[in-house]
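Comments concern the structure below.
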Amino acid sequence: MKPALQFGLRASTILPGIAVLPRNLRIGTLVSFRVSAMGSKRSLSNSSVPVSSSIVEDKKDKKLKGSISTNQDLEKGAVKENGVKSSLGEIQRFKDDPAKIETMTVRELQSMLRSVGVPAKGSKRDLVYALKCFVDTKIDGENSLAVEEHVSYVSAESMSIQSKVKNLSEEEHVENVNTDLEVPSLPRHKGRIKKSVAKGNAVKVDAKMVSMKKKLSIKSDGVSGGKFSQAKRTSEIVTEAVNGDEVNLPVVKTEPWTILAHKKPQKGWIPYNPRTMRPPPLTRDTKYVKLMSWNVNGLRALLKLEGFSALQLAQREDFDVLCLQETKLQEKDVEEIKYLIDGYDNTFWTCSVSKLGYSGTAIISRIKPLSVRYGLGISDHDSEGRLVTAEFDSFYLLNGYVPNSGDGLKRLSYRVTEWDLSLSNYMKELEKSKPVILTGDLNCAHEEIDIFNPAGNKRSAGFTDEERKSFGTNFLSRGFVDTFRRQHPGVVGYTYWGYRHGLRKTNKGWRIDYFLVSESIADKAYDSYILPDVGGSDHCPIGLILKL
Numbered sequence: 001m002k003p004a005l006q007f008g009l010r011a012s013t014i015l016p017g018i019a020v021l022p023r024n025l026r027i028g029t030l031v032s033f034r035v036s037a038m039g040s041k042r043s044l045s046n047s048s049v050p051v052s053s054s055i056v057e058d059k060k061d062k063k064l065k066g067s068i069s070t071n072q073d074l075e076k077g078a079v080k081e082n083g084v085k086s087s088l089g090e091i092q093r094f095k096d097d098p099a100k101i102e103t104m105t106v107r108e109l110q111s112m113l114r115s116v117g118v119p120a121k122g123s124k125r126d127l128v129y130a131l132k133c134f135v136d137t138k139i140d141g142e143n144s145l146a147v148e149e150h151v152s153y154v155s156a157e158s159m160s161i162q163s164k165v166k167n168l169s170e171e172e173h174v175e176n177v178n179t180d181l182e183v184p185s186l187p188r189h190k191g192r193i194k195k196s197v198a199k200g201n202a203v204k205v206d207a208k209m210v211s212m213k214k215k216l217s218i219k220s221d222g223v224s225g226g227k228f229s230q231a232k233r234t235s236e237i238v239t240e241a242v243n244g245d246e247v248n249l250p251v252v253k254t255e256p257w258t259i260l261a262h263k264k265p266q267k268g269w270i271p272y273n274p275r276t277m278r279p280p281p282l283t284r285d286t287k288y289v290k291l292m293s294w295n296v297n298g299l300r301a302l303l304k305l306e307g308f309s310a311l312q313l314a315q316r317e318d319f320d321v322l323c324l325q326e327t328k329l330q331e332k333d334v335e336e337i338k339y340l341i342d343g344y345d346n347t348f349w350t351c352s353v354s355k356l357g358y359s360g361t362a363i364i365s366r367i368k369p370l371s372v373r374y375g376l377g378i379s380d381h382d383s384e385g386r387l388v389t390a391e392f393d394s395f396y397l398l399n400g401y402v403p404n405s406g407d408g409l410k411r412l413s414y415r416v417t418e419w420d421l422s423l424s425n426y427m428k429e430l431e432k433s434k435p436v437i438l439t440g441d442l443n444c445a446h447e448e449i450d451i452f453n454p455a456g457n458k459r460s461a462g463f464t465d466e467e468r469k470s471f472g473t474n475f476l477s478r479g480f481v482d483t484f485r486r487q488h489p490g491v492v493g494y495t496y497w498g499y500r501h502g503l504r505k506t507n508k509g510w511r512i513d514y515f516l517v518s519e520s521i522a523d524k525a526y527d528s529y530i531l532p533d534v535g536g537s538d539h540c541p542i543g544l545i546l547k548l
């Protein structure tokens, strides 16, 4: 397991990163940064050499001019300060009527952003988004000008942070740096961090790094028998120090999902940003369950990927249940791989027997379910390992990998006339006894907002009219709620990006991974979210926090 790093900054500078807030689980090792602004120094010397009266007069004139200049500078500074206060007054008005931002011209947007210290580059859409982010952050209570740096990721202006470390055999990749948040270890690359900061300042970082051994044990109390109680979320980490002087921190990758990417965007659509759109963590006395789902596109390949660890994902997200799709395991492989994470002892796997190394789903839980079922109970549908159902005290959890219609849409008819209907009927039957949650790769972008290029994919598997209609008819119209879309109407967020042409880098994706829940518990869905920063697959994980 690669070391997970925690950075504590002793300065007001904030480097934007992905802010993931696991509850009561803060695992990582500390790197203390001493950040000092490097400015110009002016040396002064006193001379004992006598000077003539004319020289003295010249100096008096210069001193007088300097005094006048200084006063002028002070006046300018006062004007500038008043300008900032005036701009902040405008921000207050935007809070009351956000629609005003859309009506502003490009020049007005640029002027407003510059007046509050936020870089003003890009198209009008970028400028509108940057100003909205600034206003939203103000609404959240960050009233100091340090917030300017928090939203400065939309700019190409950058700063350089330099550091070194001794005795490191590999390169480090850092995904996020924040004063309170841990940084997961990811594939390592040398480089420099570049982020916006006040012009004219260079920041020097001295660091001491601590590495982490592999053992992670996540404990929970009173969570057997399918019942969710307020579990203790603690961890045991063994750490060892690695001596170092300075670190060359790698480049923090950009966040393409924060820029609206869509061929035909509609008015009011905005991109999904988990750093700004997720609600605050629930309090400790609130009873809830945290579910996660991920199409891993081959589990063994993922586990071999340098820098990835299932332990890392567990420490970062602190989920109760993890659902995996497209594991591509054979039954003979399950025994050696089934216990991925200490503390998650309840694991249930189903594999394809009709085509080896294909499909496959799994549920990994630290809560013992009341019962587990595999498949739909229909032989025609159950040979590819596409469904696992776990019964818990207050709901059924279905982890599904819906058949893809395939090249040439060869399985389209089977998908929409047989599979979807059978799955829907199965869910309605279960719902007679308790609410149902269906998660997984459902292989359908339901609406145009759910796919980057809707016009170009009308006859592509996953976006045909037949699949979209079937999705609506068999699931949404029968009382199952798309939790992400209900929480985020008008928000563009993708969960899948094809490997070809580097589509993830430009956020040209699809949203085909879901949490669908029975209408009876839809209001208990506290947060339905996407984790677009987690790599290792052509899909990213999604999550659901459900109050109980």
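Going by UniProt numbering, 442 is the number at position 442 of the sequence shown; the sequence numbering is gapless.
The C-beta atom is built at its ideal place from N, Cα and C for all residues, glycine as well.
Just so it is clear, the structure is predicted and the values come from calculations on it, not from any experiment.
| Item | Value |
| --- | --- |
| Cβ shell of Asn297 (< 6 Å), same chain only, five flanking positions each side left out | Glu326, Ser537 and Asp538 |
| Every unbroken alpha helix (DSSP H) within the UniProt domain "SAP" (101-135), with a cutoff of 4 residues, ordered by chain | 106-115 |
| Any 3 or more C-beta pairs closer than 8 Å across the stretch 507-520 and the stretch 437-457 | yes |
| Three-state class that DSSP yields for Phe348 in the structure shown | strand |
| Own chain partners of Asp180 with C-beta closer than 7 Å, once the 5 adjacent residues on each side are dropped | With a pLDDT of only 34 at Asp180, under the threshold of 50, the placement of this residue in the model should not be trusted; the figure read from the coordinates follows. Answer for Asp180: no residue qualifies. |
| Euclidean distance between Cα positions of Val353 and Ile367 | 28 Å |
| Phe94 to Val402 span [Cα, whole Å] | 44 Å |
| For Met292, the residue or residues it bridges with in DSSP | Leu322 and Gly543 |
| Counterpart residues of Phe471 in DSSP-defined beta bridges | According to DSSP, Phe471 bridges with nothing at all. |
| Close beta carbons around Val436, own chain, < 6 Å, minus the five adjacent residues each side | Tyr396, Met427, Leu430 and Ser518 |
| Sequence-distant residues of its chain with Cβ nearer than 8 Å to Tyr526 (five each side left out) | Pro279, Leu282, Tyr288, Ile545, Leu546 and Lys547 |
| Selected residue, minimal CA-CA separation from Lys132, among Lys469, Lys264 and Asn273 | Asn273 |
| Inter-stretch contact at 8 Å, needing at least 3 Cβ pairs: the stretch 471-478 / the stretch 453-462 | no |
| Three-state secondary structure assigned by DSSP to Asp441 | strand |
| Minimum C-alpha distance to Asp482 - residue among Lys505, Ala522 and His501 | Ala522 |
| Per-residue burial, Lys355 [other beta carbons within 10 Å of its own, 16 or more giving buried] | exposed |
| Contact set for Ser45: own chain, Cβ-Cβ below 8 Å, skip 5 residues either direction | Annotation note: pLDDT 37 at Ser45 (below 50); position unreliable, coordinate value reported separately. Contacts found: none. |
| Selection from Met104, Val116 and Ser520 that minimises the alpha carbon distance to Ser433 | Ser520 |
| Contacting residues, own chain, Cβ-Cβ under 7 Å from Asp450 (five flanking each side not counted) | Trp510 and Arg511 |
| Nearest-angstrom Cα separation, counted from Leu423 out to Leu127 | 45 Å |
| Proximity of Leu421 and Asn474 at Cβ, strictly below 7 Å | yes |
| CA nearest to the CA of Glu418, picked from Asp345, Leu291, Leu340 and Glu467 | Glu467 |
| Limits of the unbroken beta strand (DSSP E) element including Val416 | From DSSP, Val416 is part of no beta strand (DSSP E); its letter is neither H nor E. |
| Separation of Gln315 from Ile341, as counted between CA atoms | 10 Å |
| Chain-order list of residues whose beta-carbon lies under 7 Å from that of Asn143 (same chain, five-residue window excluded) | Per-residue confidence for Asn143 stands at a pLDDT of 37, beneath the threshold of 50, marking its modelled position as unreliable; the derived number appears in the next sentence. Hits under 7 Å: none found. |
| Rounded separation between Phe392 and Arg415 - CA only | 28 Å |
| Burial state of Leu74, where buried means 16 or more other Cβ atoms lie within 10 Å | With a pLDDT of 44 at Leu74, under the threshold of 50, the predicted position of this residue should be treated as unreliable, though the coordinate-derived value follows. With fewer than 16 other Cβ atoms within 10 Å, it is exposed. |
| Opposing strand residues paired with Thr495 [DSSP bridges] | Beta-bridge pairing links Thr495 to no other residue. |
| 8 Å contact criterion, which Asp388 and Ile363 should meet: CB distance rounded | The question names Asp, but residue 388 is Val in the sequence shown. The Cβ separation is near 5 Å, so the contact holds. |
| Given Gly400 as reference, the closest of Leu322, Asp333, Phe463 and Gln330 once Cα atoms are compared | Leu322 |
| Residue range of the unbroken beta strand (DSSP E) whose run includes Glu391 | Leu387 to Glu391 |
| Residue burial classification, His262 (beta-carbon count within 10 angstroms, cutoff 16) | buried |
| Collapsed DSSP secondary structure at Ser309 in the structure displayed | coil |
| Burial state of Asp320 (16 or more Cβ within 10 Å) | buried |
| CB contact flag (Gly385, Thr347, <7 Å) | no |
| Close Cβ partners of Gly357 (< 7 Å) along its chain, the five nearest in sequence each way excluded | Lys328 and Gln330 |
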